[in-house]
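For the sequence shown, numbering that gives the first Met the number 0 puts the final residue at 65, and the numbers step up evenly by one.
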Amino acid sequence: MAASEHIQAILDRLPHEPGVYQHFDGDGKLLYIGKAKNLKKRVSSYFTKGDHNGKTMLLVRKIRDI
C-alpha cells in the first residue's frame with residue numbers, strides 16, 4: 000500500500016469526535032501532536048489543498064502515519 004493510500008485509509012476510519020492525534024515520519028519518529036474537537040475534520044484538513052503555511056507544508060510532506 001502506497002503512503003497516500005495508507006493515510007487515506009486512516010482518514011476514512013477517523014471519528015467525528017474530539018481527541019488527540021499524532022503524526023509520524025517514515026521511521027516512526029513523532030513529528031507532531033495535536034488535539035481536535037472533530038478528529039476527522041482536523042486531521043483531514045492537513046491533506047486537502049488549502050492555504051497552508053510553509054511550516055505546515057513541510058510537516059505534511061514528512062507524514063507517513065497517524
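Beta carbons are placed, not taken as given, at the ideal position from N, Cα and C, and that holds for glycine.
Query                                                                                                                         : Result
Quickly, what does DSSP pair Phe-23 with across the bridge? List them, please.                                                : Leu-29 and Asp-64
Out of curiosity, what's the CA-to-CA distance linking Asn-52 and Lys-40?                                                     : 18 Å
Can you tell me whether Ile-6 is buried or exposed, with buried defined as 16 or more other CB within 10 angstroms of its CB? : buried
Report the rounded CA-to-CA distance for Gly-27 versus Gly-33, giving the unit in angstroms.                                  : 17 Å
If you compare alpha carbons, which of Leu-30, Ala-8 and Ile-9 is closest to Arg-60?                                          : Leu-30
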